[in-house]
Each structure stands twice: as structure tokens, then as C-alpha cells.
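Novice: The structure is given below, and queries will be raised subsequently.
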Amino acid sequence: MEFSLDHRTASLSVGEFADFAIGPRGSDGGPQGIWRAQLGTHWHQELRKQASTETPEATFEIVIAGRVFHGGWTLTLTGRIDQFVPAAAGNAATLREIKTVTRALPVPEEELRADYPAYFAQLATYLALHRLAPGATPVRGELVFVEAGSGLAQTIAFSPADEALFRTRLEGVVEFLNHRHRARERLRALSYRPAFAELRPGQETTQAELADALARSRLVAFEAPTGFGKTGALLECALAHLRTGRFSRALYLTSKSTGQLQVMRTLQAMTDPAKCRPMDYASVGDGGPRGVTAWHVRNKGEHCVNHVFHCLRDACGYLEGIEARWPKSGLSRFYLLENEPRDLDSLRAAGREARVCPYEITRAALAFNDVWIGDYNYVFAPRNRGLFYEQPGFNPAETLLLVDEAHNLPSRAADAYSHVVRAGDARAVLAELDHQRPSRSLVRAWEAYTQLLLSLPPCDAFDAAQEDDLADAIDTVAEQVQETPLDYATLGPQGAELLWQTVELSAWLHDGSLQRLLWSPREGELRFTCLDAAPAIAETLRAYGGAVITSATLGLPDELAAALGVEPAEIVRVEAHTPWREGAYDIAYDVRVDTSYQHRNRHHGTTAATVEALHAAAGAAIAVFFPSYAYAEAIARALDATGAPLRVALQPRLPDLAAQTAWVEESLAFADALFLVLGSSFAEGIDLLGGRVTHAMVVGPALPEVNAVQRARLAACSRLGRDGAFRRVYQAPGIQKVNQALGRLVRAPGQHATVLLHCRRFIEPSYAALLARDYQFGATITTDEELSSFLLRKT
């Protein structure tokens, strides 16, 4: 739907108009929907041949369009009716719409009307538009239901009572448009608190610089160190633009749910009416929220209230019949009432009580909210973006996109375009197919696919002939899956996912727009790896009216532009001013050791002794960052071997932030040295070290592991030359992790940190140039005596 609030106009297709509803909508998507669409095309063609034989004058796919005026709005509707049969033998002409269904036919007429109201609304709309056309002649309407498996047809004649469906859709669309109009007026009167009660030195010009950058470019890169207050600065910028009307909505994306929760807390604090002057809020007369409205979107699985997450109507009582339960459920309160709790527990509790899927509450509520907060996948992953992009009224060109922790975006986007399949999983699906007894063609195709996976040897890359064989096998399965009806509820979530994954894999193999690698890391495992999603990222970013990407470590301008797939000139860069960080780091480059993989074993004793010396100088717990768990464990063993009394706390593998935080607190209280892994959530996502750890050590740059994927990326960057490719693939990501970790040691004015960069590579120009400015100048340590002298000065 496209609409203009100023001109009070809207344009939408007849199908979109007929499907329009506030609340859950019937879905033709998913496995059965695709299969039905395939067969639907077939039966449309068969019925077209039949109509042509019976009435040679019949025409097909006729465009029907018109304007409808209702409630002060002008709606332009456009669509194509399947068949137009001219008048004959005293009968009126017929507009005929054909719909394919999976259920057995015939069934009572009232049952079809109850189960497929959108189909009848679509026919009612075509008839209404035909009557509005100049010189219109009388017509009758027919809705032809076709049983997908057999082709058996059941025709329902349009009745005067069906006209109410057209009027109901009109009321619903106009109600939504009126709500958006009121929302704009509400935003024009929006009042909010500044993000910071007192500005830190350097924050005074941030809002002016961001506003100027967005005025000059649709793509802005905002680099600010950890602790600067990026979240508040971005939200203040977004609220200002929402109030002026430049953007109708803001999307705030982060890669971690903890960051999303922080965004919600900050936004609520900035817009809480109890903390703003009441007279700043204008009543808009609709009884709804008077400030900014926001929704935190959690993933679909987290919403689920079933024991097993299998999102299929036939397998879930919270989805089956949901449209009938919704109007009386009272769940619209979640987006119409201002103070209704919107946390995940509240959504699940309400969903259980109303027997409505909690995720459908979120999906229904989004269109009524000004700020959407969620994961990257809702914008940058094709299979997840439908939640945002299919919302009525959503238009990227009128939306401000905010991407936090953007240094993670290239890898996350590449992951969204990557896949993995395993022979063991395919064999389990084959066993389930035997129970269902589908077509022999599907079973044979899946059996051949499974045998091919079982025969795969470890391989860094397949040659052209092998890729062709794999593509043929996958294409055959994908074709059969789309043409074969199956009981996906019985098949189970994993089986259904694996079957329909082949459709995505087939498209992946034939898509040459992204750099990719097809390889097998071990027997029976096949990986479809996207090496670089930059073109897809660029296409997405350019669709938005404005986009601000932000991070503490955006990297150099050319490398940032390459990672996003855009030209450097497309990006306006804003760097935060942080005078309080000047001199906050005392840096030393310890060149006594070489921590590269080939040579680090020779220096384990020196590294262990340096950890002891650094702790002695600190007199408190220190942080030691390593490129890997294995390296950290090796140094812990070296300390044990020397009999050092140092209490070492090695970072555990904990997925939960609360558990991670508890471990850090306990370790700071009882350990002498925290051994952390660069690039992990402990190094990039834990903000407890600032001001509490005054001495830290980085044991070498965290270069990515040498494997098939990295070698393929090197080859893909060959145009940059050997050194340029190595810098892009290995050095830049490795040093970025160092910059991220060190940035969390100084988060506020008055904090200081003494840091040892423990490897001779840190003084090599190609590595040193990638270090953040705060870490580029320091002492060079070449002997034990120089280390002692440096630490003595910093004690």
C-alpha cells in the first residue's frame, strides 16, 4: 500500500485490499502455499482452455481498476480478474475468479464463505469497480474453487450479501489510514527529554553533526567509542526527525537482544510523560498513546508457547482458526492502549489465554508503532524480512534505519545468505518419507540427494563438474517438493525445513550476484557459504530514506565502503568528539615475542611471566585478551608449570548475558587475571571492565582461522594485490577485535588503562595503521628491563 497523508490518497492492489485486516491474516505462504500456487497455475490454464472452448469470446486476465471515495480518502484499486465471459442467451456477463484450495470439494457453501472471506471480498471488489466504470453493463460474479489435487471445481455465485465484505474492507483501510494520519499529528507534537541530562565534553555538537550529515546524504557512518552514549544520541536524532515529519518511522537494529533491551529502556526514559512536561503533549483525540510508540521485536521462536516450535497451522491450535478468535480476544489493547505491558512474558500470557499465537500479536501491532527495535535479520535476511516489509504502510523510503554495532553487519548478512546440510539429517527425512508414501519421483530424488551427501569427501572447493552434479540433484528435489502435497504437520519441523531448504539452495546455486563457496569441511556435510554479502547490503541500504550505521570500530573509509558495497562518496562520516579519552590509555608494544601461530609456542614462558608482572604492577585483577581459547589455556598451563600463585579465571562458554555478567563480577572479586577471548561477547559485549580493570594485555592480533572460506575470500580479493587481500581478509578483522576489546576499558571521564600489546606484529605498519588512534602511540619494549621500567612508571 502506498499512501499520501497530505493528499489523503492511497493506492493498493485488489488482492492487497481484499486481504487487508487489522490482526492475523490467513496465509497462503509456506510449503502448502507454494505447492498450491504451482498447481493453481496449472488449473487456471485448464479452466482457461475450457472457457475458451465453451465461449470463444471469453477474455482472460482483464485489468480492472478504479477510484473509490470513502471517509474523506481516495483509494485507487487495481487488479486483474481471471475470466470475463460476455453476456449470452439472455444471461448477464460474468466476472469469474478462480481459487485453488487444498481441501476436498465439494463442501457446504457457507463453509467456504466462512473459511475464505478474502476470496469473496476480492470478487466483491472487482464487481464494485466494474460498476463504477463509465458505461458499465450489468455483470454477475462467480467464484470457482478448485481442489488442488484432483482439479474438481465448485462454483459459488456472488450474492448481494457478499457486498458487505467490500464495505468492511473499505472501513478497515480507512480506519488504518486515519490512524496513520493521527499518528503523524501526534508525532508533530512529540516531546522528549534529551538523551543526556548533562552533556559530557564532546557531546555538545553531536546532534547538529548528525542532522547535517543526514541532510547531505542518505547514508551516514557514526563512529563513537564505547561509553560515549551512541544509543541515546541515535534515538534523539531519530525522534527529532520523526517530529519534523522527514521520516514516518524509525527502525533500530542491533545484533544482540541485550542491546535491544537497552534501546527500549533508553527510549522509554526519554519519552516517559511523567518525566516530560505534561503541557508538551498534545491530545490527538483518539484515546491512544500521546508520545512515541515503540515495539521490541523478539524472534518467532521466543514467542512460541508450545513445547515444540513448529509454525504450521495444521500443527498448532494457536494458529488454526485464529482469525475467528481475534475480534473478541481483546488483544488489540497491545497497540491501542498506552500503558499495556508489551514484554515477551505478557504477550505469551495473553496469547495462551486467548488461544492466539503471541507472534501474531507482534505482527498485528507493528504497523501502529513509530519505532521498531529488533535484530538485523528483519531487514537484511531474505527469509526473515517479511515481518517488517509486509506491514501495511511500511515504506523504506520514508523510514530512518539505525544500525548499531555495525561492524557485525557484514558477517551477519553473509550468514543470512549461507546454508548447511548434513547427510545424517537427509537420511532421517528419507525414513519419514517412507512412512508418508508420497510420489515415487520425490522419494527417488531425495534418495539420490541423500546418497550424494553421504558420498561427499572433505573438500575446500568443488570443481565445475561437481557443482553441476550437486545443482542437478538439488534442482530435481526442489522441483518435486514444490509439486508434491505432503502432511508437513506429521513430518515435523526439521523434516519440513530440510525439504523446503532445497528450494532456497536451488536458487542459491543459480544466483551469481554474491560471491560464494560450495565446500565440504567433513564427510557428509555440505556448506553453501556466502563470502561477501556487500551487494545485498548496499541494495537494502539504498532503499531507505536515511540510514545511520554506528560502531566504535567502523574501520577505514575505503574498507567500510567495501564492506557495505557502496562507493566511499556515498557515506558521510561523523566521528564523536571525546576529549576525555585523550591520554586515558598508556600503551606499550611488547616486541619481545612473536604470537603468530607458527612461533607462539616458543614464547609461552615469556607470555606467562609478563602476565605475572602486569598483575604485580596493577595490584588488582587484570584482563588478558587472547585470539583463541586454546591459546588462553596454553598460557594458563604455562603459569601452573612455573608454580605461579596467580589465580586465573578462564572465560567459560556461556550463552546467557546474565551468567556472563555474574562470572565477570565473581572473577573481578576473586581472581588475579581474567583470561578473555577476542571477538567473544566477553570482549565485545561486557561493559563491566571500564573503570574497574586498570591494566590489560592483548596477546597478539586475533586473525581469523586459516580455512577454506578465508582462502576463498583471499582469492576473491585478488584484485587488491596480495598485501591488500591479506589486509582485507585477515588483518582488518583481527585488529578490529583488538580495538573493540580495548574500547571497553575506558568508558567515562576519569578512567585510565595501562595496556600491553604483546606481539612484535603490533609495530608493523600494516597492523599499526589499523589500530584505533588511541592505541597507536606508545612505548616499545624490547627487553625485560624495559618492561619492568614501563610497569614501574605506571604503578
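Residue numbering for the sequence shown follows this note's numbering, beginning at -15 and increasing consecutively. Cβ coordinates follow ideal geometry from the N, Cα and C atoms, glycine included. Source: prediction; values computed, not measured.
To the nearest angstrom, how far is it from the Cα of T764 to the Cα of D656?
Specialist: Taking the sequence shown and counting its residues from 1, one reaches residue 764 at position 780. Taking the sequence shown and counting its residues from 1, one reaches residue 656 at position 672. Computed Cα separation, rounded: 25 angstroms.
Novice: How many Å lie between R728 and A217 at the Cα?
Specialist: By one-based count along the sequence shown, residue 728 stands at place 744. By one-based count along the sequence shown, residue 217 stands at place 233. Their Cα atoms are separated by approximately 18 angstroms.
Novice: So does the region 148 to 162 actually touch the region 171 to 179, counting three or more Cβ pairs closer than 8 angstroms?
Specialist: no
Novice: Secondary structure at V405, three-state DSSP: helix, strand or coil?
Specialist: On the sequence shown, residue 405 is found 421 positions in, with the first residue counted as 1. It is a strand residue.
Novice: Pull up the distance between the alpha-carbon of W647 and that of R506, whole angstroms please.
Specialist: In the sequence shown, the residue the question calls residue 647 occupies position 663. In the sequence shown, the residue the question calls residue 506 occupies position 522. Their Cα atoms are separated by approximately 35 angstroms.
Novice: On the criterion of 16 or more Cβ atoms from any shown chain inside 10 Å, does Y581 qualify as buried, or is it exposed?
Specialist: Position 597 of the sequence shown, counting from 1, holds the residue named residue 581. Exposed.
Novice: Just mark A2 as buried or exposed, buried being the case when its beta carbon has 16 or more other beta carbons within 10 Å.
Specialist: As a position in the sequence shown, residue 2 is number 18, starting the count at 1. The residue is buried, with at least 16 neighbouring Cβ atoms inside 10 Å.
Novice: Please name the residue in R424, V461 and A397 whose C-alpha comes closest to that of C514.
Specialist: The sequence position of residue 514 within the sequence shown is 530, counting from 1. Out of R424, V461 and A397, A397 has the C-alpha closest to the C-alpha of C514.
Novice: Any contact between the region 526 to 540 and the region 195 to 204? By contact I mean 3 or more CB pairs, one from each, below 8 angstroms.
Specialist: Verdict: yes, contact present.
Novice: State yes or no: is the C-beta of I619 within less than 9 angstroms of the C-beta of F659?
Specialist: Along the sequence shown, read from residue 1 onward, the residue named residue 619 stands at position 635. Along the sequence shown, read from residue 1 onward, the residue named residue 659 stands at position 675. Against a cut-off of 9 angstroms, the Cβ pair of F659 and I619 comes out as a contact.
Novice: CA-CA distance, L440 and G508?
Specialist: By 1-based counting over the sequence shown, the position of residue 440 is 456. By 1-based counting over the sequence shown, the position of residue 508 is 524. Spanning the alpha carbons of L440 and G508 requires a straight line of approximately 5 angstroms.
Novice: What's the C-alpha gap between G156 and R367?
Specialist: Within the sequence shown, residue 156 is the residue found at index 172, counting from 1. Within the sequence shown, residue 367 is the residue found at index 383, counting from 1. About 28 angstroms.
Novice: Helix, strand or coil for F659? Go by DSSP, reduced to three states.
Specialist: Locating residue 659 in the sequence shown gives position 675, counting from the first residue. DSSP places F659 in strand when its eight states are reduced to three.
Novice: Nearest to V608 by alpha carbon, out of E374, W564, A531 and T678?
Specialist: The sequence position of residue 608 within the sequence shown is 624, counting from 1. The candidate whose alpha carbon is nearest that of V608 is T678.
Novice: For Q793, does the count of other Cβ atoms within 10 angstroms reach 16, so buried, or fall short, so exposed?
Specialist: In this structure the chain extends from -15 to 779, so residue 793 is not present and cannot be described.
Novice: Closer than 7 angstroms by C-beta to L641: which residues in its own chain qualify, once you throw out the five before and the five after it? Chain order, please.
Specialist: Mapped onto the sequence shown, residue 641 falls at position 657. Excluding sequence neighbours, L641 sits near T242.
Novice: To the nearest angstrom, report how far apart V289 and I345 are at their CA atoms.
Specialist: As a first step, residue 289 is located in the sequence shown; it is residue number 305 there, counting from the start. As a first step, residue 345 is located in the sequence shown; it is residue number 361 there, counting from the start. Looking at the two C-alpha atoms, the distance is approximately 13 angstroms.
Novice: Quick one: grab the DSSP three-state call for G272.
Specialist: By one-based count along the sequence shown, residue 272 stands at place 288. Unreliable placement is indicated for G272, whose pLDDT of 44 sits below 50; the coordinate value is still reported in the next sentence. Note: G272 maps to coil in three-state DSSP.
Novice: Can you tell me which residues form a DSSP beta bridge with C514?
Specialist: Here residue 514 is taken as the residue at index 530 of the sequence shown, counted from 1. Bridge partners of C514: R500.
Novice: Report, in whole angstroms, the separation of the C-beta atoms of L226 and L171, which I expect to be a contact under 8 angstroms.
Specialist: Taking the sequence shown and counting its residues from 1, the one referred to as residue 226 is at position 242. Taking the sequence shown and counting its residues from 1, the one referred to as residue 171 is at position 187. With a Cβ gap of about 5 angstroms, L226 and L171 count as contacting.
Novice: Could you give the DSSP three-state label for F352: helix, strand or coil?
Specialist: As a working note, residue 352 is residue 368 in the sequence shown. In this structure, F352 counts as coil in the three-state DSSP scheme.
Novice: Which class does A602 belong to by DSSP, given the choice of helix, strand or coil?
Specialist: For the purposes of this step, residue 602 is taken as the residue at position 618 of the sequence shown. Correct three-state label for A602: helix.
Novice: I want to know whether the region 423 to 438 touches the region 533 to 545 - three or more CB-CB distances under 8 angstroms.
Specialist: no
Novice: From this set, V661, A88 and V123, which residue's C-alpha is nearest A72's C-alpha?
Specialist: Taking the sequence shown and counting its residues from 1, one reaches residue 72 at position 88. Closest option to A72, Cα to Cα, is V123.
Novice: Report the rounded CA-to-CA distance for Y433 versus V413, giving the unit in angstroms.
Specialist: Indexing the sequence shown from 1 puts residue 433 at position 449. Indexing the sequence shown from 1 puts residue 413 at position 429. A direct Cα-to-Cα measurement between Y433 and V413 gives close to 11 angstroms.
Novice: Determine the extent of the beta strand (DSSP E) in which Q464 is found, giving its start and end residues.
Specialist: Position 480 of the sequence shown, counted from the start, is the residue given in the question as residue 464. No beta strand (DSSP E) contains Q464, which is instead part of the alpha helix (DSSP H) from A448 to E467.
Novice: Assess contact between the region 127 to 136 and the region 309 to 327, defined as three or more Cβ pairs (one per stretch) separated by less than 8 angstroms. Is contact present?
Specialist: no
Novice: Can you name the residues that DSSP bridges to I555?
Specialist: Indexing the sequence shown from 1 puts residue 555 at position 571. Per DSSP, L203.
Novice: Give the DSSP-derived three-state secondary structure of L426 in the structure shown.
Specialist: What you label residue 426 is simply residue 442 of the sequence shown in a count that begins at 1. Assignment of L426 by DSSP, reduced to helix, strand and coil, places it in the helix class.
Novice: For L548, name the three-state secondary structure that DSSP assigns.
Specialist: Working through the sequence shown from its first residue, we reach residue 548 at position 564. Three-state DSSP puts L548 in a helix.
Novice: When DSSP labels each residue in this structure, what does A72 get in the three-state scheme?
Specialist: Taking the first residue of the sequence shown as 1, we reach residue 72 at position 88. Three-state DSSP puts A72 in a strand.
Novice: In terms of residue numbering, what span does the beta strand (DSSP E) encompassing L81 cover?
Specialist: In the sequence shown, residue 81 corresponds to position 97, counting from 1. The question names Leu, yet the displayed sequence has Glu at residue 81. Segment A77 to V85, the beta strand (DSSP E) holding E81.
Novice: Please report whether the beta-carbon of R500 lies at a distance below 9 angstroms from any beta-carbon of chain C.
Specialist: Checking the listed chains, one finds no chain C in this structure; it contains a single protein chain.
Novice: Would you grab the beta carbon distance between V661 and A616 for me? Rounded to a whole angstrom, and I think it's under 8 angstroms.
Specialist: For the purposes of this step, residue 661 is taken as the residue at position 677 of the sequence shown. For the purposes of this step, residue 616 is taken as the residue at position 632 of the sequence shown. About 6 angstroms separates the two Cβ atoms, so the contact holds.
Novice: Using only CA atoms, which one of A593, G186, R97 and T86 lies nearest to P563?
Specialist: Your numbering for residue 563 matches position 579 in the sequence shown. Of the candidates A593, G186, R97 and T86, the one whose C-alpha sits nearest the C-alpha of P563 is G186.
Novice: Using 8 angstroms for Cβ pairs, my map puts E224 next to M248. What's the rounded Cβ distance?
Specialist: Here the question's residue 224 lines up with position 240 in the sequence shown. Here the question's residue 248 lines up with position 264 in the sequence shown. Here the sequence assigns Ala to residue 224, which means Glu is not the residue at that position. 19 angstroms between Cβ atoms; not a contact.
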